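Note sheet for the following structure.
There are 2 protein chains.
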Amino acid sequence: MIVTVTLNPAWDVTYRVPRLTRHASHRVGSVLERPGGKGLNVARVLHALGEPVLATGLMGGATGALVEGALEVPHAFVRIAGETRRTVTVVDSDATVFNERGPEIRPEEWAAFQEAFSARAAEAEVVVLSGSLPPGLPEDAYAVLTRLARAQSAKVLVDAAGAVLRAAAAAGPDVLKPNAAELAAAGLPLAAPGRGALVVSRGAGGLVAVTPEGRFEAVPSETVDGNPTGAGDAAAAALAVALRDRLPWPRALGEAAALAAAAVAAPAAGEFDPEVLRRHRMSPRVRRAPCPS
Amino acid sequence: MIVTVTLNPAWDVTYRVPRLTRHASHRVGSVLERPGGKGLNVARVLHALGEPVLATGLMGGATGALVEGALEVPHAFVRIAGETRRTVTVVDSDATVFNERGPEIRPEEWAAFQEAFSARAAEAEVVVLSGSLPPGLPEDAYAVLTRLARAQSAKVLVDAAGAVLRAAAAAGPDVLKPNAAELAAAGLPLAAPGRGALVVSRGAGGLVAVTPEGRFEAVPSETVDGNPTGAGDAAAAALAVALRDRLPWPRALGEAAALAAAAVAAPAAGEFDPEVLRRHRMSPRVRRAPCPS
Chain U
0 MIVTVTLNPA WDVTYRVPRL TRHASHRVGS VLERPGGKGL NVARVLHALG EPVLATGLMG
60 GATGALVEGA LEVPHAFVRI AGETRRTVTV VDSDATVFNE RGPEIRPEEW AAFQEAFSAR
120 AAEAEVVVLS GSLPPGLPED AYAVLTRLAR AQSAKVLVDA AGAVLRAAAA AGPDVLKPNA
180 AELAAAGLPL AAPGRGALVV SRGAGGLVAV TPEGRFEAVP SETVDGNPTG AGDAAAAALA
240 VALRDRLPWP RALGEAAALA AAAVAAPAAG EFDPEVLRRH RMSPRVRRAP CPS
Chain D
0 MIVTVTLNPA WDVTYRVPRL TRHASHRVGS VLERPGGKGL NVARVLHALG EPVLATGLMG
60 GATGALVEGA LEVPHAFVRI AGETRRTVTV VDSDATVFNE RGPEIRPEEW AAFQEAFSAR
120 AAEAEVVVLS GSLPPGLPED AYAVLTRLAR AQSAKVLVDA AGAVLRAAAA AGPDVLKPNA
180 AELAAAGLPL AAPGRGALVV SRGAGGLVAV TPEGRFEAVP SETVDGNPTG AGDAAAAALA
240 VALRDRLPWP RALGEAAALA AAAVAAPAAG EFDPEVLRRH RMSPRVRRAP CPS
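Chains U and D are the protein sequences, given in the same order. Numbering that gives the first Met the number 0 numbers the first residue of the first sequence as 0 and each following residue consecutively. Numbering that gives the first Met the number 0 numbers the first residue of the second sequence as 0 and each following residue consecutively.
This is how it looks when you write it as structure tokens:
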């Protein structure tokens, strides 16, 4: 089983308006609502692929109840006293996004989560730690969880940014999967963390991986138009399966690139287009990457 | 008792951001949440004044539960299957507002509300019908409720806009209280509806009333800086008390103008500044208004 962790899930609300005008009043044409958060996107992709998956994390309040109620993936969240956050996206010709920070997590809630997480990790082959942390959690939260998972012999994939990414890298997860901008912003080198692998998503430029087996890159065989949000989460889902199945890295990277392309072709994060997935699987473009000069 | 009706209540969410930029991603600095809707504002003002009040209307879903949980005013809402709406206001140097339309009301829910409303109206001296209608309700909803309230010998104040205001005017409520822009947009004349009174709020220009006792205007004795949202609701609250107590119109209008000014001085809709109220009560500026040429 693959366990995904979402410590700062969200209720994603999308408003469609003819045109967003600053300091005006808008009548919202349509409202779209769904569970949000990178870990939940990974879980939804795995679930749609038919892979055994469990979504866990922290959830609270009426908004948390909305998220859990709408989540079709098997889940077991740890309850918190605070209120799960929302994100509001206003779409006219493009998206304007408002991200709430999330609830303040109490130390005893974080302790309770670590305990629950250890128990879940004991049943998992792979654990995926994705996305931002809510206020109150230590920057090294993913490093702590990486060590707990390893103690239960589970493999770990981390997709994070900033100081959280840096701290996680130091714990040496099996796969560290930031995007190129996050890697650069965290001041990290293009190098594998310990004995693990670094996989960097570069949007339309595909994926590059620094692994114990060497450096590889997966280049898209065709450009896919669509919604890039969630493509990195789809890649993480594919890499989690590859970790579980001990696939060789070129194969893992091909799968990740194909699933990312299929996610771009789908309307919403956490979904993918099976036809695009099939097409990209048929013509993987994975090659050894040149070493940096 | 005064009964306020809010058929399309809301959970008002206010985000503070340094600057709203179209097509950018924003990290929300602070989140403020509270029950919203004109009828609830009227009820909150009445409750703060110590007046017996009951808030009723339609409420549903997790968002409705948030609204009811946060409402300090005595209330009895009719449950609907749909989800109570939200409004999102993004504040930088000024406010950018996104109003959801509200849940679709089923015919049997509207029927159930009318029944519950009749029972409440029987215990009320005055009924206040304020704000927009959710999808699914007929345009003459306030006209229907006006007739039901009258059948129970309750007086009726209506604060609405557009076709809803026009239809309500035809039912001849005791007070019709639009603002000047709403009256003009509805194509209605500055004339009393039937045997009732028309009170028009004109923002900083005060109030004008066309009543069976003649035409009056209340002009603010001083300019109040602050938040004009909710000033009209405060005026409606004062007029409801005046209706109940059969105050003469000049007195009623003076009270309404004073409470509106006190609402402008308070930070949020549904609140008022008691010191400003006291000051404005001490120097009411109500005079007979000239007839239109």
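Glycine included, C-beta positions come from ideal geometry on N, C-alpha and C. Note that the structure is predicted; figures quoted are calculated from it, not measured.
Look up residue i in the DSSP assignment and say whether it is helix, strand or coil.
i	result
P34 (chain U)	strand
G231 (chain D)	helix
S282 (chain D)	coil
G202 (chain D)	helix
L246 (chain D)	coil
G213 (chain D)	strand
G56 (chain D)	strand
A196 (chain D)	strand
R18 (chain U)	coil
S295 (chain D)	Residue 295 (chain D) is absent from the model: chain D starts at 0 and stops at 292.
F271 (chain D)	coil
V96 (chain U)	strand
A9 (chain U)	strand
N226 (chain U)	coil
L156 (chain U)	strand
L45 (chain D)	helix
A75 (chain U)	strand
R149 (chain D)	helix
S220 (chain U)	coil
L132 (chain D)	coil
L39 (chain U)	helix
R105 (chain U)	coil
A208 (chain U)	strand
L187 (chain U)	coil
L252 (chain U)	helix
L70 (chain U)	coil
T83 (chain D)	coil
Applying a beta-carbon distance threshold of less than 8 Å, which residues of chain U neighbour residue i?
i	result
N98 (chain D)	S24, H25, R26 and V27
Between the options, which lies nearest to residue i when the distance is taken from Cα to Cα?
i	options	result
A42 (chain U)	U:V12, U:P8, U:R15 and U:V27	U:P8
D224 (chain D)	D:A241, D:A203, D:E216 and D:V218	D:A203
F76 (chain U)	U:R100, U:V89 and U:V2	U:V2
F271 (chain D)	D:A47, D:A150 and D:V209	D:A47
A183 (chain D)	D:A54, D:R201, D:G269 and D:R21	D:R201
A54 (chain U)	U:E82, U:G269, U:P102 and U:R280	U:G269
K176 (chain D)	D:G213, D:L128 and D:A217	D:L128
A267 (chain D)	D:L242, D:R277, D:N226 and D:A255	D:N226
A260 (chain U)	U:D173, U:A236, U:D244 and U:R243	U:A236
P106 (chain D)	D:A159, D:N98, D:F97 and D:A80	D:A80
A64 (chain U)	U:S92, U:P34, U:V87 and U:L39	U:P34
D173 (chain U)	U:A185, U:L132, U:D158 and U:L57	U:D158
L132 (chain U)	U:E124, U:E99 and U:V155	U:E99
G171 (chain D)	D:V30, D:R146 and D:G161	D:R146
G295 (chain U)	U:A168, U:L156 and U:G101	Chain U is shown only over 0 to 292; residue 295 (chain U) falls outside these bounds and no answer can be derived.
A185 (chain D)	D:R165, D:N178 and D:V199	D:R165
R214 (chain U)	U:V198, U:V125 and U:T228	U:V198
A121 (chain D)	D:A262, D:L144 and D:I104	D:L144
I want to verify the contact list: residues of chain U whose CB lies under 7 Å from the CB of residue i, in sequence order.
i	result
L70 (chain D)	Under the 7 Å cutoff, chain U gives no residues; its nearest Cβ is about 14 Å from L70 (chain D).
V87 (chain D)	V87
I'd like to know whether the C-beta of residue i is nearer than 9 Å to at least one C-beta of chain C.
i	result
Y141 (chain U)	In the structure shown, chain C does not exist; the protein chains are U and D.
List, in chain order, every chain D residue whose beta-carbon is nearer than 9 Å to that of residue i.
i	result
D93 (chain U)	R21 and H22
In chain D, which residues lie with their C-beta within 7 Å of the C-beta of residue i?
i	result
V30 (chain U)	E99
Does the beta-carbon of residue i have 16 or more other beta-carbons within 10 angstroms, so that it is buried, or is it exposed?
i	result
E108 (chain U)	buried
A23 (chain U)	exposed
P247 (chain D)	exposed
L252 (chain U)	buried
L6 (chain U)	buried
G68 (chain U)	exposed
T95 (chain U)	buried
M281 (chain D)	exposed
P289 (chain U)	exposed
A180 (chain U)	exposed
R287 (chain U)	exposed
Positions along the region 42-66 of chain D whose CB lies within less than 9 Å of some CB in chain U: Cβ contacts with chain U: G60, A61, T62, A64 and L65.
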